[in-house]
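Engineer: Heads up: the sequence shown is residues 21 to 111, going by the numbering used here.
I have a structure I would like to understand better, so I am pasting it below and will then ask my questions one at a time.
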Amino acid sequence: MNGKGSRCVRGLLGLGLLGILVGCGADLGVLHPDTLLFNGKIVTVDEDFSIAEAVAIKDGRFVAVGSNSQIRSLAGDRTEMVDLEGRTVLP
21 MNGKGSRCVR GLLGLGLLGI LVGCGADLGV LHPDTLLFNG KIVTVDEDFS IAEAVAIKDG
81 RFVAVGSNSQ IRSLAGDRTE MVDLEGRTVL P
């Protein structure tokens, strides 16, 4: 496939993926949370009271929890980064 056709196919695949994400209800705003808390002990208060390392906050709500690397990858240019230095966070 030539360069022009290859770019077209990649563009269409990208649009298709975006359509799938939007159609499945993916919250693309999570990609740019207001605040990230990392290097902590986040008590999730789920059935198992799991402990996570980091949390993403958008509009005052926890929108994602996970490892430091997972959550830090969501940061945008305006995201406030807060190093918890091992402290505990309860929702």
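All C-beta atoms in this analysis are idealised placements derived from N, C-alpha and C, irrespective of residue type, glycine included.
(1) Tell me the residue span of the alpha helix (DSSP H) that contains Arg-92.
(2) Just to confirm before moving on: does the CB-CB distance between Lys-78 and Pro-53 stay below 8 Å?
(3) Out of curiosity, what's the CA-to-CA distance linking Thr-99 and Asp-68?
(4) Between Gly-49 and Val-83, what straight-line distance do the alpha-carbon atoms span, to the nearest angstrom?
(5) Based on DSSP bridge pairs, tell me the residues matched to Phe-58.
(6) Might you give, ordered along the chain, the residues of its own chain that have their beta carbon closer than 6 Å to the beta carbon of Glu-73, omitting 5 neighbours on each side?
Structural biologist: Considering the structure as presented:
(1) 88-92
(2) yes
(3) 30 Å
(4) Note on Gly-49: pLDDT 49, under 50, position unreliable in the model; the coordinate value appears next. Roughly 9 Å between the two C-alpha positions.
(5) Asp-103
(6) Ser-87, Asn-88
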